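Q:
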Amino acid sequence: MKKKMVLVTSKYERFVHWMLAISCLLLCYTGLGIMFKELNFLGVIFGGLQGLVTVHDIMAVVFAISLVLAILMWWKEAGLFTFPEDWEWIKAAGGYLWHLDHVPETGKYNPGQKMFFLTVALCGLMMVGTGFFMWYPTILPAALMNWVYVLHVLGFVVIFAFFFVHLYLGTIGNPGSVSAMLSGKMELPVLRMLHPKWVKEMEHEGKLVVIEEDK
Amino acid sequence: MTQKIKLYDASKCTACRGCQLACKQWNGLQAGQTQQEGTYQNPPSLQPNTYMIIHFQDYVSPEGDIKWLFRKEACMHCTNAGCVTVCPSGALYYNKELGTVGMDRDKCIGCKECMTACPFEVPKYDKKTEKVYKCDMCESRITNNMTPACVKACPTGALRWVDKEEAVKIAEARVQKLGGDSHIYGDKFVGGTHMMYVLPEKTDVYQGIKKDPKVSFALTVWKSWLKPLSLLAAGGVIGGSLLHYFIHGPHKPHPEHYDQDDKKQGGV
Chain A
1 MKKKMVLVTS
11 KYERFVHWML
21 AISCLLLCYT
31 GLGIMFKELN
41 FLGVIFGGLQ
51 GLVTVHDIMA
61 VVFAISLVLA
71 ILMWWKEAGL
81 FTFPEDWEWI
91 KAAGGYLWHL
101 DHVPETGKYN
111 PGQKMFFLTV
121 ALCGLMMVGT
131 GFFMWYPTIL
141 PAALMNWVYV
151 LHVLGFVVIF
161 AFFFVHLYLG
171 TIGNPGSVSA
181 MLSGKMELPV
191 LRMLHPKWVK
201 EMEHEGKLVV
211 IEEDK
Chain B
1001 MTQKIKLYDA
1011 SKCTACRGCQ
1021 LACKQWNGLQ
1031 AGQTQQEGTY
1041 QNPPSLQPNT
1051 YMIIHFQDYV
1061 SPEGDIKWLF
1071 RKEACMHCTN
1081 AGCVTVCPSG
1091 ALYYNKELGT
1101 VGMDRDKCIG
1111 CKECMTACPF
1121 EVPKYDKKTE
1131 KVYKCDMCES
1141 RITNNMTPAC
1151 VKACPTGALR
1161 WVDKEEAVKI
1171 AEARVQKLGG
1181 DSHIYGDKFV
1191 GGTHMMYVLP
1201 EKTDVYQGIK
1211 KDPKVSFALT
1221 VWKSWLKPLS
1231 LLAAGGVIGG
1241 SLLHYFIHGP
1251 HKPHPEHYDQ
1261 DDKKQGGV
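Line by line, the protein sequences are chains A and B.
If you count the first sequence from 1, position 147 lands on 147 in our numbering, and the numbers rise without skipping.
If you count the second sequence from 1, position 26 lands on 1026 in our numbering, and the numbers rise without skipping.
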């Protein structure tokens, strides 16, 4: 028996995704090590606390670039809600919280994914902005600058927590979805379940290309 | 040991700047080239290589008298020090016996967070060494029963290194003697500072002085609330995800999702 696979992401999309993901994770790791005195030991693998700062500073630039690329690439598809269908999905919590026989159908990105994209985009921009001023803290008056640090930590609270939601829903929470960011392909039945409307649209436009792979 | 105070009596200061030089000498700090700006005050402000300066100020009192006001500016060594609260590396710390704020430069990572947190704008960043510098009250001296270098150098008794209780008594007696607008500066805000002034004029007369120094509320939001919340939130999400996995279960396609495509091609 063969598996029916559909190409859902381009090489460029996957490249930007992983550049953003790796820089973001390294920023979280080094940021944790810098912020918590108790976690200063995380710097051991980078040659000490100073190493954490150096990696944080370099990854900040990589993150800023990949964030801009990600926003340019995805904002139309994942940054805009389409009503009323997205609203129906939100009211049903996407079928994630209670049992539903039929989850309201959404397009390529469901509102949950859109919310994740918007959170990363907005918090990410805030992190880049506040981070810049942390390099040059005397530009702003101290009374204001003190709150810039607060915003930087607030952004971290949100992004760090959302990362685990993303990790769960992108792997074991939705079996068959992680391959979208590895090989770029997803199994057609999984796609029909998660993005039924998108599959129908592609079928309608004759764009649905099914690749058969050995199981 | 008891907490100690560096008491600066501005009414006794002649601005000889012996303290400024002794500070440079003991701490091995080089002088930077500056320009004559029409004042004896030099350098114009604290620098990475200048932990203390004497301010020179021409002041015309409401009565029309012209006065020359002097003020020693350096780290105030707060009891509730914003710099120690934010320092992520432990480079800034309290001397638990004396109450002063010491600095272990080897630990400093040059993040500059203390520069914003300090209500007196004392810590200065050096681009060359990528580290922050400030007065540590000559910790190498005071922990060996010596007075700070500036105090040692003072010829008029304007600077004294005394136990906290005694310092307050001396300052109060001096204020009573001077009368007028004279007052103590440094005993009330940020939990009390370990450098205190006796000022002969009202506080707001002095240029560059902080009238009401406060550690920003932002530091509480950041360090006491958001910092622990970052781990709690992430932990909660991980726990929630696992609960979801075991109670609700992952999202799996129904048989119909498979049948749909198989039927189209005439079944398996």
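All C-beta atoms, glycine included, are put in the ideal place defined by N, C-alpha and C.
In this text, all values refer to a predicted model and were calculated from it rather than measured experimentally.
#1: What residues in the region 1039 to 1070 of chain B bring their beta carbon closer than 7 angstroms to a beta carbon of chain A?
#2: The beta strand (DSSP E) spanning Gln1025(B) covers which residue range?
#3: Just to confirm, is the Cβ distance from Pro1044(B) to Thr1050(B) under 7 angstroms?
#4: Within the continuous beta strand (DSSP E) that includes Met1103(B), where are the two ends?
#5: For chain A, is any of its Cβ atoms less than 7 angstroms away from the one on Tyr964(B)?
#6: Just curious, the beta strand (DSSP E) that Glu187(A) is in, first and last residue?
#7: Output needed for Leu1069(B): all residues of its chain with C-beta closer than 6 angstroms, excluding positions within five of it in sequence on either side, in chain order.
#8: Listing by chain order, which chain A residues have their CB less than 9 angstroms from the CB of Leu1219(B)?
#9: Near Met19(A), which residues of its chain fall below 6 angstroms by C-beta distance, leaving aside the five closest residues on each side in sequence?
#10: Near Ile211(A), which residues of its chain fall below 8 angstroms by C-beta distance, leaving aside the five closest residues on each side in sequence?
#11: For the putative contact between Arg1160(B) and Leu1007(B), defined by C-beta atoms under 8 angstroms, what is the C-beta separation to the nearest angstrom?
#12: List the residues of chain A whose Cβ lies closer than 9 angstroms to the Cβ of Lys1112(B), in chain order.
#13: Compare the Cα-Cα distances from Ile34(A) to each of Lys1177(B), Ala1234(B) and Cys1108(B) and report the closest residue.
#14: Residues of chain A with CB closer than 9 angstroms to the CB of Asp1261(B), please, in chain order.
#15: Going by alpha carbons, who is nearest to Gly1099(B) out of Arg1105(B), His1254(B), Ala1233(B) and Val1084(B)?
#16: Using the Cβ count rule (16 or more neighbours within 10 Å means buried), how would you classify Glu205(A)?
#17: Find the residues of chain B that neighbour Asn40(A), judging by a C-beta separation of less than 9 angstroms, and give them in chain order.
#18: Assuming Thr30(A) and Val55(A) form a contact by the criterion Cβ under 8 angstroms, report the distance between their Cβ atoms to the nearest whole angstrom.
#19: Does the structure place the region 183 to 202 of chain A close enough to the region 1131 to 1138 of chain B that three or more beta carbon pairs sit under 8 angstroms?
#20: With respect to the alpha helix (DSSP H) encompassing Glu77(A), which residues constitute its N-terminal and C-terminal limits?
#21: With distances taken from CA atoms, which of Leu27(A), Tyr149(A) and Tyr12(A) is nearest Leu52(A)?
#22: At least one CB of chain A closer than 7 angstroms to the CB of Leu1199(B): is that the case?
#23: Just confirm the distance between the C-beta atoms of Leu1046(B) and Glu1073(B), as a whole number of angstroms; I'd bet it's less than 8 angstroms.
#24: List the residues of chain A whose Cβ lies closer than 7 angstroms to the Cβ of Ile1238(B), in chain order.
#25: Please check the pair Gly1126(B) and Pro1048(B), which I expect to be a contact at CB under 8 angstroms, by giving their CB distance rounded to whole angstroms.
#26: Which word fits Glu1201(B), buried or exposed, when buried means at least 16 other C-beta atoms lie within 10 angstroms of its C-beta?
#27: Given a cut-off of 7 angstroms on the beta-carbon distance, is the pair Ala142(A) and Thr1116(B) in contact?
#28: I need the straight-line Cα distance from Lys207(A) to Phe116(A), nearest angstrom please.
A: With the given structure in hand:
#1: Legend: CB atoms of the region 1039 to 1070 of chain B lying less than 7 angstroms from CB atoms of chain A are not found in any residue.
#2: Element bounds for Gln1025(B): not the beta strand (DSSP E) but the alpha helix (DSSP H), Gly1018 to Asn1027.
#3: No, the pair does not count as a contact, with Cβ atoms beyond the cut-off.
#4: Counting along the chain, the beta strand (DSSP E) containing Met1103(B) begins and ends at Val1101 to Met1103.
#5: The requested residue 964(B) does not occur in the structure, where chain B is confined to residues 1001 to 1268.
#6: Under the DSSP assignment, Glu187(A) falls in the beta strand (DSSP E) whose first and last residues are Lys185 to Glu187.
#7: Gln1057 and Tyr1059.
#8: At a beta-carbon threshold of 9 angstroms, the residues of chain A lying near Leu1219(B) are Asn146, Tyr149 and Val150, ordered along the chain.
#9: Counting only Cβ-Cβ distances below 6 angstroms, and skipping sequence neighbours, we find Ser66.
#10: Once the five neighbours on either side are set aside, the close Cβ partners of Ile211(A) are Lys4, Met5, Val6, Leu7 and Lys185.
#11: That pair is a contact at about 5 angstroms.
#12: Under the 9 angstroms cutoff, chain A gives Met134, Trp135, Tyr136, Pro137 and Thr138.
#13: Of the candidates Lys1177(B), Ala1234(B) and Cys1108(B), the one whose C-alpha sits nearest the C-alpha of Ile34(A) is Cys1108(B).
#14: The answer, in chain order, is Lys4, Leu188, Pro189, Arg192 and Val210.
#15: Looking at the Cα atoms, Val1084(B) is the closest of the given residues.
#16: Around the Cβ of Glu205(A), a 10 Å sphere holds fewer than 16 other Cβ atoms; the residue is exposed.
#17: Simply Pro1088, Ser1089 and Gly1090.
#18: About 5 angstroms separates the Cβ atoms of Thr30(A) and Val55(A), confirming a contact at the 8 angstroms cut-off.
#19: Contact between the region 1131 to 1138 of chain B and the region 183 to 202 of chain A is absent, because fewer than three Cβ pairs lie under 8 angstroms.
#20: Run containing Glu77(A): Leu49 to Ala78, per the alpha helix (DSSP H) assignment.
#21: The option with the nearest alpha carbon to Leu52(A) is Leu27(A).
#22: It does not: the Cβ of Leu1199(B) has no partner Cβ on chain A nearer than 7 angstroms.
#23: Taking 8 angstroms as the upper bound for CB-CB distance, Leu1046(B) and Glu1073(B) are in contact here, some 6 angstroms apart.
#24: What Ile1238(B) touches in chain A: Phe164.
#25: It should be noted that the sequence gives Asp, not Gly, for residue 1126(B). Between Asp1126(B) and Pro1048(B) a beta carbon distance of about 4 angstroms is seen, short of the 8 angstroms cut, so the two are scored as contacting.
#26: Result: buried.
#27: Yes, the pair counts as a contact, with Cβ atoms nearer than the cut-off.
#28: Cα to Cα, the separation comes out at about 27 angstroms.
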